[in-house]
Amino acid sequence: EDLWHCPEFYRKDGIPIVPGSIYFGGWDCGMSLCPAFTLIQVVTKRAFQAHAILELTSPGGEDMEMFAPRVAQALERRLPGMWDEIRHYADSTVTTRGGNNGRTAQQEAKKHGFEGPTKLRPVSNVFLPRRGGVTWLLKQRVAIPHDPTHPEGREVPGFYVDAKNCPVLRAGFQGHYKWRVSAQGDEKGEGQ
204 EDLWHCPEFY RKDGIPIVPG SIYFGGWDCG MSLCPAFTLI QVVTKRAFQA HAILELTSPG
264 GEDMEMFAPR VAQALERRLP GMWDEIRHYA DSTVTTRGGN NGRTAQQEAK KHGFEGPTKL
324 RPVSNVFLPR RGGVTWLLKQ RVAIPHDPTH PEGREVPGFY VDAKNCPVLR AGFQGHYKWR
384 VSAQGDEKGE GQ
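Residue numbers for the sequence shown follow the numbering used here, beginning at 204 and rising by one.
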């Protein structure tokens, strides 16, 4: 529900950076020319809570050589002096060699500062575990026992979306991201 995960108070100015948080960068490298990136801030001080605080998408027809420097610049603006503390994970295609130059998306990203501890690490692209992780996060409730505005305590979402900095992700959670039916659907199965 949009009002639950993207409340009014985060729509105008966005979600603030919370000191002491842990940061994860999620990369969709794919084999197309439409890479995407999302930055997640995990707050652990009061209670475990995740915030989607930045996204970058490709306007179409953009390879990793062009996309990685845009991500680096956006991270430097959003987390000044801290972007090298982000743990980066990408879909498993990050290590697949491209046809145009024989390089991987991981190698291209490395040329733009994503190396060593900030290297893009490949993770499984299997759909059900990925969907399960998102579903689990969206269902999480965090108890805030000592909130002055609610002396008896209250529950808040375990996941917030920054409307200002993550408009595509927010739209996706509202149902705008759906399977595209392919002409190969009969041949390869429903949802192809």
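Ideal Cβ positions, reconstructed from N, Cα and C, are used throughout, including at glycine.
- Message: Taking the beta carbon of ARG373 as the centre, do at least 16 other beta carbons fall within 10 Å, making it buried, or is it exposed?
- Response: Counted from its first residue, the sequence shown places residue 373 at position 170. Buried: at least 16 other Cβ atoms inside 10 Å.
- Residues near GLU268 in its chain [Cβ-Cβ closer than 7 Å; skip 5 each side]: Here residue 268 corresponds to residue number 65 of the sequence shown, with the count starting at 1. Once the five neighbours on either side are set aside, the close Cβ partners of GLU268 are GLU311.
- Query: Do CYS237 and TYR363 have their C-beta atoms within less than 8 Å of each other?
  - Reply: Translated into the one-based positions of the sequence shown, residue 237 becomes position 34. Translated into the one-based positions of the sequence shown, residue 363 becomes position 160. No Cβ-Cβ contact shorter than 8 Å links CYS237 with TYR363.
- Task: Would you tell me roughly how many angstroms separate the C-alpha atoms of GLN309 and PHE240, rounded to the nearest one?
- Result: Stepping through the sequence shown from its first residue, residue 309 is reached at position 106. Stepping through the sequence shown from its first residue, residue 240 is reached at position 37. Their Cα atoms are separated by approximately 14 Å.
- Evaluate contact between the segment 316–326 and the segment 334–341, counting only Cβ atoms and requiring at least three cross-stretch pairs below 8 Å. No, the segment 316–326 is not in contact with the segment 334–341.
- Task: Could you tell me whether the segment 283–290 touches the segment 245–258, where touching means 3 or more Cβ pairs closer than 8 Å?
- Result: no
- Message: Along the chain, where does the beta strand (DSSP E) containing THR260 start, and where does it finish?
- Response: On the sequence shown, residue 260 is found 57 positions in, with the first residue counted as 1. It spans 252–260 - the beta strand (DSSP E) in which THR260 sits, taken as one unbroken run.
- Query: Exposed or buried, which one is ASP365 when buried takes at least 16 other CB atoms within 10 Å?
  - Reply: Position 162 of the sequence shown, counting from 1, holds the residue named residue 365. ASP365 is buried by the Cβ-count criterion.
- Could you give the distance in angstroms between the alpha-carbon of ASP294 and the alpha-carbon of LYS215? Along the sequence shown, read from residue 1 onward, the residue named residue 294 stands at position 91. Along the sequence shown, read from residue 1 onward, the residue named residue 215 stands at position 12. A direct Cα-Cα distance of roughly 31 Å separates ASP294 from LYS215.
- Nearest-angstrom Cβ-Cβ length linking LEU242 and GLY228, presumed shorter than 8 Å: Walking along the sequence shown from the start, residue 242 turns up at place 39. Walking along the sequence shown from the start, residue 228 turns up at place 25. The pair is a contact, with the Cβ atoms about 6 Å apart (cut-off 8 Å).
- Message: So, for ASP266: in the same chain, excluding its five sequence neighbours on each side, which residues have a beta-carbon less than 7 Å away from its beta-carbon?
- Response: To locate residue 266, count along the sequence shown from 1; it is residue 63. LEU236, listed in sequence order.
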